[in-house]
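Notes follow the structure.
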């Protein structure tokens, strides 16, 4: 969809709409020669992706407060919005091929779609396309671990050093042979993260084995990463983890 927007409707036209699909905003003016060069390429790209990316046009002369709010200092200025925020932008007239790449960057890649599908073959294909996709590797390793293919799961997870989820799952697989930790992992799987985390952290304080201690730490950090930095349980568990470690 291609449409004009202004100061009175920008929030609903662009910010709210961008929560459903990307919206590219073209800040232009009638007197701007480069704007006239760029607009056809923007419109062609939007038309080619009908239903996937919308194009909104803002006349900066008629909407000076809106232009000031987005710090438009030169035109044409193009800003792409996703989930209510600016996701990408550029200033000046760029070639049509570059416009096409700009629009493509706003859409999920083939690997994104495969990871979202989540099947084993989908995830294997996603890793073939983008070998650095830790999210695909972790998801595939989870499937393999669930059916007992732990050796292959660990092989895949080794490809993502520095990924908290990958290191956490690998640690869990290694620790899974210990019956006393079964209740902790079962609690995590049953949606009781506090009980599971508390049990893992308690196990850290109770062991003198450096390797086991490190695997327990990695397992805890993997769960905390999944919860997110701002989660109240994550904040409290980080404090408990620090106390157990130091």
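In the numbering used here, the protein residues as written are 26 to 271.
Every residue, glycine too, gets a C-beta built ideally from N, C-alpha and C.
Cα-Cα separation, residue i to residue j
i           : j           : result
residue 34  : residue 84  : 13 Å
residue 94  : residue 137 : 33 Å
residue 265 : residue 165 : 31 Å
residue 58  : residue 155 : 40 Å
residue 120 : residue 27  : 20 Å
residue 97  : residue 52  : 8 Å
residue 163 : residue 73  : 35 Å
residue 101 : residue 64  : 9 Å
residue 255 : residue 75  : 37 Å
residue 46  : residue 229 : 45 Å
residue 60  : residue 257 : 48 Å
residue 184 : residue 245 : 20 Å
residue 252 : residue 186 : 20 Å
residue 199 : residue 240 : 8 Å
Neighbour-count burial assignment, residue i, 16 or more Cβ in a 10 Å radius
i           : result
residue 249 : buried
residue 77  : exposed
residue 142 : exposed
residue 193 : buried
residue 111 : exposed
residue 42  : buried
residue 132 : exposed
residue 232 : exposed
residue 140 : buried
residue 90  : exposed
residue 204 : exposed
Selected residue, minimal CA-CA separation from residue i, among the options
i           : options               : result
residue 220 : 30, 174, 259 and 125  : 259
residue 268 : 223, 64 and 28        : 223
residue 161 : 149, 205 and 245      : 149
residue 176 : 190, 188, 197 and 158 : 197
residue 107 : 204, 36 and 89        : 36
residue 211 : 240, 171, 181 and 186 : 171
residue 70  : 122, 243, 257 and 151 : 122
residue 118 : 109, 103 and 29       : 103
residue 168 : 55, 144, 213 and 226  : 144
residue 49  : 246, 38 and 214       : 38
residue 195 : 159, 67 and 116       : 159
residue 157 : 124, 227 and 188      : 188
residue 134 : 238, 114 and 152      : 152
Limits of the alpha helix (DSSP H) - the one that residue i falls within
i           : result
residue 93  : 89-94
residue 189 : 189-200
residue 124 : 121-129
residue 27  : No alpha helix (DSSP H) holds residue 27; the beta strand (DSSP E) holding it covers 27-29.
residue 168 : 159-171
Simplified DSSP state of residue i, which is helix, strand or coil
i           : result
residue 139 : helix
residue 50  : strand
residue 254 : coil
residue 83  : strand
residue 245 : helix
residue 185 : coil
residue 103 : strand
residue 62  : helix
residue 232 : coil
Where the beta strand (DSSP E) containing residue i begins and where it ends
i           : result
residue 114 : 110-116
Cutoff 8 Å: residue i Cβ touching any chain C Cβ
i           : result
residue 149 : The structure shown contains no chain C, having only a single protein chain.
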